[in-house]
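In this text, residue positions in the sequence shown follow numbering that gives the first Met the number 0: the first is 0, and each later residue adds one.
Where is the CB? At the ideal position from N, CA and C, for every residue including glycine.
First comes the structure, then the notes that go with it.
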Amino acid sequence: MSVTEIQTSENLLKKIIAHSKEYGFIFPSSEIYDGLSAVYDYGQNGVELKNNLKDYWWKAMVQMHENIVGLDAAIFMHPTIWKASGHVDAFNDPLVDNKDSKKRYRADNLIEDHVTKLEGKILKEVTKAAKRFGKEFDHQQFITTNPRITQYQEQMDTINQKLKVAIDNSDLKQLKLMIEELGIVCPISGSRNWTEVRQFNLMFKTELGSLAEESNDIYLRPETAQGIFVNFLNVQKSGRMKIPFGIAQIGKAFRNEIIARQFIFRMREFEQMEMQFFVKPGEEMEWYQYWKEKRLQWHLALGAAEEKYRFYDHLNLAHYANAACDIQFDFPMGFKELEGIHSRTDFDLKSHEKYSGKKLQFFDPVENKSYIPFVIETSIGLDRTFFAILTSAYRVERLEDGSERVVLKIPPLLAPKKAAVLPLVKKDGLPEKARGIFDLLKLEFNCQYDEKDAIGRRYRRQDAIGTPFCITIDYQTLEDETVTIRERDSMDQQRVPIKQLSSQIRDKIALDKILQSL
Ligand code: GAP
């Protein structure tokens, strides 16, 4: 069947949010109480897709690497861990309030937005000139010689430089001064009536113990990584692990994000899939390159367009890192961080040694000496990966008959339901036959039985949740034990014997080929 894709880029974010809710992928948390900002619940289809993503990551990282093992550390941890990791002192955002709108902003974001506006002005000049000069237009020459553009560029460079120094030195006064000097106004009130800039720690604090007098302040973990570091020796010794080796973990993390917008991109409760890879000091750059490529491959193996992903190397490194980059994805809001790959040196283990007084070293039998390993970290947000998959998968198509369908072209491996079993009509023994097929397939695959409404509408419902196969049971099935199997993306239908169904589905959703390609 011939189809034309309808452009969805306009308002894509809104469309994805509405679709996710309508089809049971993602609901706003506590919705009947008007919701809870930046917290979301995963619905009946969302939880399946999320579990499939975890499974793909776990198998690619743990099952496929003899020298990587898993861990499930508790969310609550000893409060000194967060002192050692630097989170108590340095996991802050600089905040500023507008006194008229009462809106709160990250001071650095306000300044960055100002820089983005200057960038926009450059782009406008370039577009205008390109139109005026047509084929003669020399982009490079224009941006390096046009006085207005070079002036904007100089302004941008100066602002970025000042911002970096202010952030590095936690100079809040300088941030406030920059906001004033640049004449930045509140997007809501339009005024320049700003409070002082204050530091705001992103960790959620709570109390351990039932009586306030007896209690200790503890934190909800802002990353899963520290659970791995403090178990480094437990795992190394009990698993008799030899360097290089990795520890992988999937779990919840919590951050009291100030600017919590853009759906599940920035949440206050979210899930991370992190792996810390312990290596011999001096070998970290080799492994950093290795994991950079490996992790990009993991994303690309799912079949999304390559140009949707890119590396972004960090220029301003955190104090503990000697190299770091993001894998960015082209979300509906533009290219943004999806995963981080960080060379964290021996900062974390060294610091935990210092604070705990326990040795966290590896005895290298070849070198006959102990050392603190260096660490390469791969850290991916599960929710952001979910969002990336939905963004790539969401399509609106015009069909031959003029009707429209919304289809989620989710990689079959990740689809919430693998097959829908649909009796053509609700009589003459077809439902009973269909139930028999459903009962057989459900032993191996997550399937859905549906006998309500016309077959076309049932196909649409399955397209909307990304089910790769629709199996239709008709009168011929009763005669010759065959069914039609409709493929989601092409909508092609084939007649196949019931006994071939399992192998056909298995072939399409199999993980082994993907794992082999990594
Ligand atoms: N252990 C390192 C670490 O936590 P990070 O860059 O702060 O590094 C890693 O976070 C990943 O976690 C990010 O690339 C992103 O995918 C995800 N992430 C971070 N903050 C998030 C938030 N507020 N909501 C959803 N995902 C988030």
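Give the range of the beta strand (DSSP E) segment to which residue i is assigned.
i, result
"S378", "F373 to G380"
"F468", "F468 to I472"
"D329", "A322 to F330"
Under 8 angstroms between the Cβ atoms of residue i and residue j?
i, j, result
"R254", "P280", "no"
"V278", "I371", "no"
"L517", "A59", "yes"
"I484", "Q492", "yes"
"D312", "V405", "no"
"V125", "I142", "yes"
"F373", "D345", "yes"
"I246", "M272", "no"
"F264", "F330", "yes"
"S369", "E338", "no"
"T3", "E396", "yes"
"A528", "V196", "An answer regarding residue 528 cannot be provided, because it is not within the stretch 0 to 517 covered by the chain."
"D449", "L421", "yes"
"K49", "Y41", "yes"
"V482", "I497", "yes"
"D359", "E366", "One point to set straight first is that residue 359 is Leu, not Asp, in the sequence displayed. Going by C-beta atoms, L359 is not nearer than 8 angstroms to E366."
"Q225", "M63", "no"
"R267", "V38", "yes"
"L407", "Y55", "no"
"L500", "L442", "no"
When you compare only the Cα positions, how much space is there between residue i and residue j?
i, j, result
"N66", "F361", "15 angstroms"
"M332", "K13", "11 angstroms"
"T194", "N97", "6 angstroms"
"Y287", "F334", "22 angstroms"
"D400", "R343", "57 angstroms"
"E30", "I166", "37 angstroms"
"K507", "P411", "7 angstroms"
"C446", "Q160", "56 angstroms"
"I16", "I25", "8 angstroms"
"L398", "M490", "10 angstroms"
"R487", "K451", "19 angstroms"
"N192", "I178", "11 angstroms"
"I409", "S28", "24 angstroms"
"S355", "L348", "10 angstroms"
"V495", "R459", "22 angstroms"
"S19", "E180", "43 angstroms"
"I257", "D88", "18 angstroms"
"P415", "N44", "5 angstroms"
"R260", "L109", "15 angstroms"
"L176", "I148", "25 angstroms"
"K251", "L207", "19 angstroms"
Can you name the start and end residues of the alpha helix (DSSP H) that residue i belongs to?
i, result
"N215", "Per DSSP, N215 belongs to no alpha helix (DSSP H); it is in the beta strand (DSSP E), N215 to Y218."
"A224", "A224 to F228"
"N108", "A106 to F132"
"E292", "E283 to L299"
"A17", "L11 to E21"
"Y151", "P146 to D167"
"T79", "T79 to A83"
"Y55", "Q43 to W57"
"S448", "Per the sequence presented here, residue 448 reads as Tyr, with Ser not at that position. Segment C446 to Y448 is the beta strand (DSSP E) holding Y448; no alpha helix (DSSP H) there."
"N315", "Note, N315: premise wrong, no alpha helix (DSSP H); not H, not E."
Taking 6 angstroms as the limit between beta carbons, can you name the residues of its chain near residue i, skipping five residues before and five after?
i, result
"H525", "Since the first and last residues shown for the chain are 0 and 517, residue 525 lies out of range."
"S391", "A303"
"Y151", "L117, K120 and I121"
"Y521", "The first residue shown for the chain is 0 and the last is 517, placing residue 521 beyond what the model contains."
"D325", "Y311, E336 and G339"
"I158", "V114"
"S350", "A83"
To which residues of the same chain is residue i closer than 8 angstroms at the C-beta, ignoring the five residues directly before and after it?
i, result
"L316", "A322 and A323"
"T205", "D216, I217, Y218 and L219"
"H138", "V125 and A129"
"Q140", "none"
"G34", "P27 and S28"
"Q154", "L117"
Can you name, in chain order, every residue of its own chain whose Cβ lies under 7 angstroms from the Cβ of residue i, other than the five neighbours on each side?
i, result
"I504", "K417, A418, F444 and F468"
"V46", "none"
"L423", "L429, I454, T471, I472 and D473"
"S100", "C185, I187 and S188"
"I242", "F277, V278, K279, F361, D363 and P372"
"S190", "N97, D99 and V184"
**OP:** Report yes or no: do three or more beta-carbon pairs, one from the stretch 169 to 189 and one from the stretch 59 to 76, lie closer than 8 angstroms?
**Re:** No, because fewer than three Cβ pairs between the stretch 169 to 189 and the stretch 59 to 76 fall closer than 8 angstroms, the two stretches do not touch.
**OP:** Would you check if there are 3 or more beta carbon pairs closer than 8 angstroms linking the stretch 125 to 137 to the stretch 227 to 240?
**Re:** Counting C-beta pairs closer than 8 angstroms gives fewer than three between the stretch 125 to 137 and the stretch 227 to 240, which falls short of the contact rule.
Original post:
When the Cβ atoms of the stretch 92 to 108 are set against those of the stretch 193 to 209, are three or more pairs found closer than 8 angstroms?
Top reply: The stretch 92 to 108 is in contact with the stretch 193 to 209.
**OP:** Could you tell me whether the stretch 469 to 484 touches the stretch 427 to 439, using the rule of 3 or more Cβ pairs below 8 angstroms?
**Re:** At 8 angstroms Cβ cutoff, the stretches touch.
Original post:
If you pair each beta-carbon of the stretch 224 to 236 with each one of the stretch 79 to 86, do three or more pairs fall below 8 angstroms?
Top reply: They touch, by the three-pair rule.
Original post:
Quick check: the stretch 385 to 396 against the stretch 298 to 314, are there 3 or more CB pairs under 8 angstroms?
Top reply: Yes, they touch.
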